Amino acid sequence: MVCANHSRQQFITRPSGAQEPRPMAIITVLISKSGNLSYIPNNKVRHGDTVRFAIELIGGASDVTVNPPACLDSTASFSLNNTSLSAAQREDPVADGAAVGSYPFTVVTGGSPEARSHGLELETKNGNLDVTTDPPKEC
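Counting from 1, one number per residue, gives the positions in the sequence shown under UniProt numbering.
Have a look at this one:
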């Protein structure tokens with residue numbers, strides 16, 4: 001739960017009863033050259049966490065299109081490529097209003113003009129993020 005006047009800030013309660021801000025996590029969805037998806041540390045996210053989609057720079061996929069899950073603040077499709085570090089990754093926060101549950105997304109690989117000119121097929125990989133919640137907190 002996000003308390004009023006604490007935008008995106010969640011709190012954890014220590015055994016002593018003291019409350020402190022819960023650190024927001026960064027969950028990475030790593031896209032390999034084959035298009036396989038790995039979740040670091042896992043695919044469980046909470047409101048306010050950051051989800052980073054990244055392709056491997058060495059031996060990774062050269063061009064991919066990500067159709068992100070509906071639980072993120074931005075749900076517009078975007079492309080990643082391995083021309084630079086900034087082009088190889090994108091971060092978006094989990095929306096405060098995302099309901100608890102599983103959110104599917106797709107990653108389409110082989111979409112570069114060179115790949116298509118060589119007759120390579122587009123391949124779609126399916127993934128999902130599981131939105132969980134902290135125990136309810138009093139404001």
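Heads up, the beta-carbon is just placed ideally off N, CA and C, and yes, glycines get one too. Treat the numbers as computed from the prediction; the structure is a model and nothing was measured.
Below 8 Å, too few C-beta pairs join the segment 121-128 and the segment 89-100 to call them touching: fewer than three. For LYS125, the enclosing beta strand (DSSP E) starts and ends at 123-131.
Residue pairing of GLU91 in beta bridges, as defined by DSSP: ARG52.
By the neighbour-count criterion, in which 16 or more other beta carbons inside 10 Å mark a residue as buried, THR109 falls on the buried side. DSSP places SER16 in the coil class of the three-state scheme, outside both helix and strand.
One Cα belongs to ASN67, the other to LEU37, and the distance between them is close to 14 Å. Between the alpha carbons of ASP63 and GLY17 lies a gap of roughly 49 Å. Contact between HIS47 and VAL94 holds, since their C-beta atoms are separated by about 6 Å, short of 8 Å. With fewer than 16 neighbouring CB atoms inside 10 Å of its own CB, PHE78 falls in the exposed class.
Taking 8 Å as the cut-off, the beta carbon of THR28 is found closer than this to the beta carbon of ALA54.
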